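Below is one structure; the comments refer to it alone.
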Amino acid sequence: MDLFSLNPLPREGGYFRRVYLGGDVVSGASLPGRYGRDKVLGSSVLYLITPESWSSLHRLQGDEIWHLCMGGPAEQLLLYPDGTCQVRILGSTSKSGELPVSVVPHGVWQGTRLTSGASFALFGVTMPLAYDDEDVTFAGTEELISLYPQCRDMIAAFRQHEGDDFL
1237 MDLFSLNPLP
1247 REGGYFRRVY
1257 LGGDVVSGAS
1267 LPGRYGRDKV
1277 LGSSVLYLIT
1287 PESWSSLHRL
1297 QGDEIWHLCM
1307 GGPAEQLLLY
1317 PDGTCQVRIL
1327 GSTSKSGELP
1337 VSVVPHGVWQ
1347 GTRLTSGASF
1357 ALFGVTMPLA
1367 YDDEDVTFAG
1377 TEELISLYPQ
1387 CRDMIAAFRQ
1397 HEGDDFL
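In terms of our numbering, the sequence shown is numbered consecutively and its last residue is 1403.
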């Protein structure tokens, strides 16, 4: 963490440092209604997960693009608005079906943690419209299971270390 000057990311988990924030602003009137406010064009962070700290399940108002820089592999749980779920493996071994890049569409619940045996994963994470705290929503385990009953086991496995009081 010291090498990249990363800090703990409150509530979501992991460690981060913003490395880019765009200088241009788009009027809220020009954006989809889900924003309801002006937004800065573009932001990017370095984001680190470890066995003790991972990206808790959350959803964002904007699309998010994850690039694996080093380490891994990691698994990313995605819960889509249509009720389906998916697990992507973010890594550098294409023979194993791992992906070096993952695009998470807006409105999709997502969480990322290391796979068994991995010691860390460092990502570059970019949002076309800059992240701000109004963009993120968290939910408790029971709420997510009620929305995605067919994904119950994946949600429970992912959340086993968090507990609802964490969120």
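In this text, a Cβ means the ideal position worked out from N, Cα and C, and glycines have one as well. Quantities reported herein were computed from a predicted structural model and do not represent experimental measurements.
Contact under 9 Å by Cβ, residue i with residue j
i     : j     : result
W1302 : L1350 : no
G1360 : S1280 : yes
L1242 : L1282 : yes
P1287 : A1392 : no
E1311 : R1324 : yes
Cα-Cα separation between residue i and residue j, rounded to whole angstroms
i     : j     : result
M1390 : S1263 : 39 Å
P1336 : T1348 : 14 Å
G1333 : L1304 : 14 Å
D1400 : T1377 : Low local confidence applies: a pLDDT of 43 at D1400 is under 50, so the model's placement there is unreliable, and no value is given.
G1278 : F1394 : 29 Å
V1344 : K1331 : 27 Å
Y1384 : V1255 : 35 Å
R1270 : S1338 : 23 Å
S1352 : A1265 : 45 Å
G1319 : T1373 : 17 Å
Bridge partner(s) assigned by DSSP for residue i
i     : result
Q1297 : In the DSSP output, where bridge partners are listed per residue, Q1297 has none listed.
W1302 : S1338, V1361
Rounded Cβ spacing between residue i and residue j (contact assumed at less than 8 Å)
i     : j     : result
P1309 : L1284 : With 8 Å as the limit, P1309 and L1284 do not qualify as a contact, their Cβ atoms being about 14 Å apart.
G1298 : M1363 : 5 Å
L1314 : Q1346 : 5 Å
Next on the checklist: Ignoring anything shorter than 4 residues, give me the alpha helix (DSSP H) runs that lie fully in the stretch 1348-1402, in order along the chain.
Outcome noted: 1377-1383, 1388-1395
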